[in-house]
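Q: This is the structure I want to talk about, given as structure tokens.
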Amino acid sequence: MNLDKILKKRASIRNYSDKKPKYDKIIDAIEAASLAPSPGNLNILKFIIIEDKEKINKIAQACQQPFIKKALILVAVCSDSEKTNIMYDKRADKYIKQHAGAAIENFLLKITDMGLASCWIGAFSEITIKNTLKIPENITVEAILPIAYQHKTNKTKQKLKPNLGNIVYFDVWNNKYKNKPRKTGTH
Ligand SMILES: Cc1cc2nc3c(=O)[nH]c(=O)nc-3n(C[C@H](O)[C@H](O)[C@H](O)COP(=O)(O)O)c2cc1C
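Quick note on this note's numbering: the sequence shown kicks off at 23 and runs consecutively.
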């Protein structure tokens with residue numbers, strides 16, 4: 023699929039079939055995530071592949087989102103802030119979140135390209151997930167990503183996205199018109 027098609031096809035999918043995705047596809051998606059830009063090219067993220075049914079159920083419970091139980095594989099995206107804190111001090115938290123976001127989007131685009139389904143899960147009890155997966159205290163759980171095939175019925179389409187006319191400004195804040203700056207008043 024070309025990039026434009028993948029960008030327009032990617033959607034948060036929450037209804038999964040019983041078919042288990044092949045393991046090499048999970049690795050391909052994680053490799054795509056690992057190619058994302060990172061501050062100072064630091065290695066910040068770790069990816070835990072979860073196939074154990076009991077653990078998947080516990081994580082679905084920690085997210086209070088029952089649809090997650092239907093996925094046969096989850097990936098937990100975790101960050102280790104140690105090196106970023108040393109190198110970037112006050113900017114570190116922002117940088118880690120931005121890197122995690124870039125990596126997760128790469129992951130989701132690759133999943134879409136391979137005909138699989140996923141959903142970015144950011145709402146969860148972090149302590150419960152850390153206990154379930156034996157994640158050390160100094161590590162942050164950034165997201166849970168179920169990997170599955172979409173159920174045949176009720177195909178999810180991409181949601182309505184913002185109109186560019188509402189999100190693009192020219193030269194200064196809130197100027198929606200190219201070559202016609204908005205009057206900003208005197209200072
Ligand atoms: C940081 C973040 C956290 C999210 N957390 C959840 C979540 O916990 N559960 C869920 O079902 N969707 C979650 N989503 C998915 C959004 O609801 C979804 O991206 C949004 O509704 C737009 O739909 P689309 O992804 O299909 O374009 C999250 C998305 C982001 C970026």
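For each residue, glycine too, the CB sits at the ideal point set by N, CA and C.
Any idea what DSSP makes of Pro158, helix, strand or coil?
A: coil
Q: Taking the alpha-carbon positions, what's the Phe69 to Lys44 distance?
A: Rounded to whole angstroms, Phe69 to Lys44 spans 17 Å at the Cα level.
Q: Could you spell out where the alpha helix (DSSP H) holding Phe118 opens and where it closes?
A: The amino acid at residue 118 is misidentified as Phe; the sequence shows Ile. Here the alpha helix (DSSP H) through Ile118 covers Ala114 to Asp135.
Q: Taking all protein chains shown into account, do 16 or more other C-beta atoms lie within 10 angstroms of the C-beta of Ile189, making it buried, or fewer, making it exposed?
A: exposed
Q: Provide the residue span of the beta strand (DSSP E) that contains Leu67, from first to last.
A: Run containing Leu67: Leu67 to Ile72, per the beta strand (DSSP E) assignment.
Q: Any beta carbon from chain B within less than 8 Å of Lys198's own beta carbon?
A: Absent from the structure is chain B; it holds one protein chain and no more.
Q: Quick check on the DSSP output: the beta strand (DSSP E) that includes Ile95 runs from which residue to which?
A: Unbroken beta strand (DSSP E) run through Ile95: Ile95 to Asp102.
Q: Can you give me the start and stop residues for the alpha helix (DSSP H) that Cys85 sits inside?
A: Lys75 to Cys85
Q: For Ser147 and Ala58, which I take to be in contact (beta-carbon distance under 8 Å), what is that distance rounded to the nearest angstrom?
A: Taking the Cβ atoms as the reference, Ser147 lies roughly 26 Å from Ala58, outside the contact range of under 8 Å.
Q: For Ile66 and Asp26, which I take to be in contact (beta-carbon distance under 8 Å), what is that distance rounded to the nearest angstrom?
A: Between Asp26 and Ile66 the Cβ distance is about 29 Å, and since that is not below 8 Å, they are no contact.
Q: Report whether the distance from the Cβ of Ser140 to the nearest heavy atom of ligand 1 is below 7 Å.
A: no
Q: For ligand 1, any of its heavy atoms closer than 7 Å to the Cβ of Gly144?
A: Gly144 has its CB nearer than 7 Å to a heavy atom of ligand 1.
Q: Indicate whether Ile81 and Thr154 have their beta-carbon atoms separated by less than 8 Å.
A: yes
Q: Quick check: does the Cβ of Ala240 come within less than 7 Å of any heavy atom belonging to ligand 1?
A: No statement about residue 240 is possible, as the shown extent of the chain runs from 23 to 209 and does not include it.
Q: Please indicate yes or no: does the CB of Cys100 lie closer than 7 Å to some heavy atom of ligand 1?
A: no
Q: Check whether the Cβ atoms of Ile166 and Ile133 lie closer than 8 Å to each other.
A: no
Q: Start and end of the alpha helix (DSSP H) containing Tyr171?
A: No alpha helix (DSSP H) holds Tyr171; DSSP gives it neither H nor E.
Q: Start and end of the alpha helix (DSSP H) containing Tyr45?
A: Tyr45 to Ser56
Q: Quick check on Glu76: buried or exposed, where buried means 16 or more other Cβ atoms within 10 Å of its Cβ?
A: exposed
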